[in-house]
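Here's the structure, in structure tokens; my notes come after.
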Ligand SMILES: *[C@@H]1O[C@H](CO)[C@@H](O)[C@H](O)[C@H]1NC(C)=O
Ligand SMILES: *[C@@H]1O[C@H](CO)[C@@H](O)[C@H](O)[C@H]1NC(C)=O
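Numbering (mature numbering (1 follows the signal peptide of the UniProt record, and there is no 0)), first residue to last: -22 to -1, 1 to 263.
Take a look at the structure:
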């Protein structure tokens, strides 16, 4: 039986790798940190740790929350929030926030403030308050290639954008013909502020991305995106040749792992048969 643990390990490793890869929820979109740093082992650090723990815990039951950790001195106050994409299940939201917090730890180690946007969620903390403050500055803009002007598709794009704008709520999806659109506000905005933020994002998407086959416009507190059929929905994956290469290498590694696992299983059977032909406990597996 013990001989089976190795191939089982390889197989489950492959499954974990495949599932974490195929779900784009954890895919990094952007991140940033403040220049100011805190002292290690300071009250700020322990407040930051309790904030991040609160965020991760809260994401196990809610798709948005904010926290303010009061320090013993005003300098140690820390604010934070997270927002999951509106279509995520609670377990996916919780996984995403945990992943964001762990990526923030690497990206913004010692920084007083930091933010990270993954495909499925957004996490931000800082020692100056930003809770409930609208922020329409452009954080990330990505436009796909403009493959010749297609007036009809762009007309549909504009229709989809208009319906995103007229839809209510923090999370909005819309689609028509070839075009899919999605928009999300962070939960600390009022309905009116969300509307205002999305209207800015959509205006910029149309003006900056022109006739591009897809566009992503991430502002401080909201984003709007569109993609056309046939264009990559996960723009990051196909935009970047190195990640294509990485995907191929990944597929090869998985193939090799599966091959090795099968070989080990086969050899194990063979060995059991040769050494202990009476061992019929194999059948029970
Ligand atoms: C944030 O922290 C930095 C570094 O500790 C400090 O210089 C700054 O004054 C703090 N800001 C506030 C609003 O407390
Ligand atoms: C922050 O969280 C508190 C408690 O959950 C809530 O009452 C408040 O409205 C939230 N503030 C913002 C700006 O979202």
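Idealized CB from N, CA, C, for every residue including glycine. Please read these numbers as outputs of a predicted model, since none were measured by experiment.
In this model, residue 188 and residue 49 are separated by some 47 Å (Cα to Cα).
Between residue 183 and the set 204, 88, 60, the nearest pair of CA atoms involves 204. A Cβ-Cβ contact shorter than 9 Å links residue 54 with residue 22.
Looking at 185, 177, 208, the one whose alpha-carbon comes closest to that of residue 202 is 177. A straight line joining the alpha-carbon of residue 208 with that of residue 191 spans about 9 Å. Following the DSSP letters along the chain, one finds residue 173 in no beta strand (DSSP E) but inside the alpha helix (DSSP H) bounded by residues 169 to 187. Here residue 25 is buried: its Cβ has 16 or more other Cβ atoms, across all protein chains shown, within 10 Å. The set of residues with any CB-heavy atom separation to ligand 1 below 5 Å comprises, in chain order, 14, 53, 90, 105, 106.
Membership of residue 132 in any beta strand (DSSP E) is not indicated; the residue belongs instead to the alpha helix (DSSP H) covering 129 to 144. For residue 84, the uninterrupted alpha helix (DSSP H) run begins and ends at 68 to 85, by DSSP.
Counting along the chain, residue 42 sits inside the beta strand (DSSP E) bounded by residues 42 to 47. The beta carbon of residue 35 sits closer than 6 Å to none of the beta carbons in its chain outside the five residues before and after it.
Put simply, of 99, 28, 10, 89 the residue whose alpha carbon is nearest the alpha carbon of residue 60 is 99. Less than 9 Å divides the Cβ of residue 45 from the Cβ of residue 57. With a cutoff of 9 Å on beta-carbon distance, residue 131 and residue 179 are scored as not near each other. Of the candidates 138, 82, 159, the residue whose Cα lies closest to the Cα of residue 29 is 82.
The Cβ neighbour count for residue 112, taken over all protein chains shown within 10 Å, is at least 16; the residue is labelled buried.
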